Amino acid sequence: MHEILATHEWPPSQTDAGAAAPVAVLVHGVTGWGRTWWRVGPALAERGWRVVAVDLRGHGQSPRIDGCVNVGGLAADVAAVIERLGAPVGALIGHSLGAAVSAELAYLRPDLVQRLVLEDPPAITRTDDVEWQANLERELIDAHRDFDGEVARELAANPAWLEEDARQDVEAKQLADREGILASFRRGTEARVLNLVPLLTVPTLYLMAAEDRSVFVGVARRQLRATLPAHARFVEMDAGHTVHRDRFDQYIAAVREWIEA
460 MHEILATHEW
470 PPSQTDAGAA
480 APVAVLVHGV
490 TGWGRTWWRV
500 GPALAERGWR
510 VVAVDLRGHG
520 QSPRIDGCVN
530 VGGLAADVAA
540 VIERLGAPVG
550 ALIGHSLGAA
560 VSAELAYLRP
570 DLVQRLVLED
580 PPAITRTDDV
590 EWQANLEREL
600 IDAHRDFDGE
610 VARELAANPA
620 WLEEDARQDV
630 EAKQLADREG
640 ILASFRRGTE
650 ARVLNLVPLL
660 TVPTLYLMAA
670 EDRSVFVGVA
680 RRQLRATLPA
690 HARFVEMDAG
700 HTVHRDRFDQ
710 YIAAVREWIE
720 A
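No gaps in the numbering here: position 156 of the sequence shown is 615 in my numbering, and each next residue is one more.
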């Protein structure tokens, strides 16, 4: 059964008289929450979009994870949010794990999505990646030990970020359901973005980090580009994994161009 997710909203600052505002739904990455979009949300609202950012299950203010959850379960949660909005969303935008969730949703329920933006999604996740899981657990623990110190470390590691980016990142890690998230990655939170590339019927923008800083690299990246359908576009930016923080101006310009086409 799907969970009722917490959401963060930015209302449109302008709309055409008598017209309902188009809706954009934003889906964050692992250990994030809806407020990771604190710059993206207002930027789209200024263009007349109603922006709804979800907290995935086990993240932010949403319910904790009961045991473990896979990408399909997370996609069902987001689909329930969209269904409650009462109309297909004009744009579904996801980052990292949120991009995998968004791709899964668009594949299973294309009737709910008109345009899709996938920001540096994982190609295919590995549940046996012990080193990655250990690093993730350490980050979640460290966020509780020294908030200001973790913010400073994030800024040092990511010089293009604003201080609020780092603060939102650390706060999100404090709120995250550590045990539920780790259990899910150990037991089957499988992303299959690479396999879905030729199957997605929704117009899709793949907004990728530079290959040396991306999670979608090598053979998988070449396969993505080789199987890209005519209604999809691949854009690479000189950015790290969190493109919307590293290159905000270029990111928002590319997103606006795609979803307002």
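Glycine included, C-beta positions come from ideal geometry on N, C-alpha and C.
Remember, predicted model here, so these are calculated numbers, not experimental data.
Outcome for G477 when other beta-carbon atoms lying within 10 angstroms are tallied against a minimum of 16: Translated into positions along the sequence shown, residue 477 becomes position 18. Interpretation of G477 is limited by its pLDDT of 48, a score under 50 that renders its predicted location unreliable; the figure taken from the coordinates is listed afterwards. Looking at its Cβ environment, which holds fewer than 16 other Cβ atoms inside 10 Å, G477 is exposed.
Close-in-space but distant-in-sequence residues of the same chain around Q709 (CB under 7 Å, 5 per side omitted): Residue mapping note: residue 709 aligns to position 250 of the sequence shown, counting from 1. If we look at Q709 and ignore the five residues flanking it on each side, its Cβ neighbours are M696.
Cutoff 8 Å; reference Y596; Cβ partners in own chain excluding five residues on either side: Along the sequence shown, one-based indexing puts residue 596 at 137. Looking at the sequence shown, residue 596 is not Tyr but Glu. Result list for E596: R637, L641, in chain order.
L423, DSSP secondary structure in three states: In this structure the chain extends from 460 to 720, so residue 423 is not present and cannot be described.
Segment contact, 8 Å Cβ cut-off, at least three pairs: the region 651-671 with the region 505-525: no
Uninterrupted alpha helix (DSSP H) stretches inside the region 515-560 (no shorter than 4 residues): 530-544
The beta strand (DSSP E) enclosing D691, as first and last residue numbers: Sequence index remark: in the sequence shown, residue 691 carries index 232 (1-based). Looking at the sequence shown, residue 691 is not Asp but Ala. Where A691 is concerned, the enclosing beta strand (DSSP E) stretches over 691-695.
Member of V511, E578, N594 whose CA lies at the smallest distance from the CA of H700: Start at 1 with the first residue of the sequence shown, and residue 700 comes out as number 241. Measuring from the Cα of H700, the nearest candidate turns out to be E578.
Opening and closing residue of the beta strand (DSSP E) in which V510 lies: Here residue 510 refers to the residue found at position 51 when the sequence shown is read from its first residue. Here the beta strand (DSSP E) through V510 covers 509-513.
Identified DSSP bridge partners for W469: Here residue 469 corresponds to residue number 10 of the sequence shown, with the count starting at 1. Beta-bridge pairing links W469 to V510.
Stretch pair the region 477-489 + the region 541-561: three plus CB contacts closer than 8 Å: yes
Beta carbon of A698 nearer than 9 Å to that of A668: Residue numbering aside, residue 698 sits at position 239 when the sequence shown is read from its first letter. Residue numbering aside, residue 668 sits at position 209 when the sequence shown is read from its first letter. Contact: yes.
Option in T466, W508, F675 with minimal Cα separation from S472: By 1-based counting over the sequence shown, the position of residue 472 is 13. Comparing Cα-Cα distances from S472 to each of T466, W508, F675, the minimum goes to W508.
Inter-stretch contact at 8 Å, needing at least 3 Cβ pairs: the region 623-636 / the region 532-542: no
Contact belief for V694 with A712 at Cβ below 8 Å, rounded distance in angstroms: As a first step, residue 694 must be located in the sequence shown, where it is residue number 235. As a first step, residue 712 must be located in the sequence shown, where it is residue number 253. With a Cβ gap of about 10 Å, V694 and A712 do not count as contacting.
Three-way DSSP call (helix, strand, coil) for V457 in this model: Residue 457 falls outside the range modelled here, since the chain spans only 460 to 720, and no answer is possible.
Of the residues E719, A565, V576, the one placed nearest V702, counting alpha carbons only: Counting from one through the sequence shown, the residue named residue 702 turns up at place 243. Residue V576 is the option with its Cα nearest to V702.
Delimiting residues of the beta strand (DSSP E) encompassing A725: Residue 725 is absent from the structure shown; the chain starts at 460 and stops at 720.
Beta-bridge partners of L666, as assigned by DSSP: Position 207 of the sequence shown, counted from the start, is the residue given in the question as residue 666. Answer by DSSP bridge pairing, in chain order: E578, V694.
Residues of its chain near A602, where Cβ-Cβ distance is below 7 Å and the 5 sequence neighbours each way are ignored: On the sequence shown, position 143 is the one that residue 602 refers to. Taken in chain order, the residues that qualify are E609, V629, K632, Q633.
Unbroken alpha helix (DSSP H) run spanning I718, endpoints: Position 259 of the sequence shown holds residue 718. Counting along the chain, the alpha helix (DSSP H) containing I718 begins and ends at 707-718.
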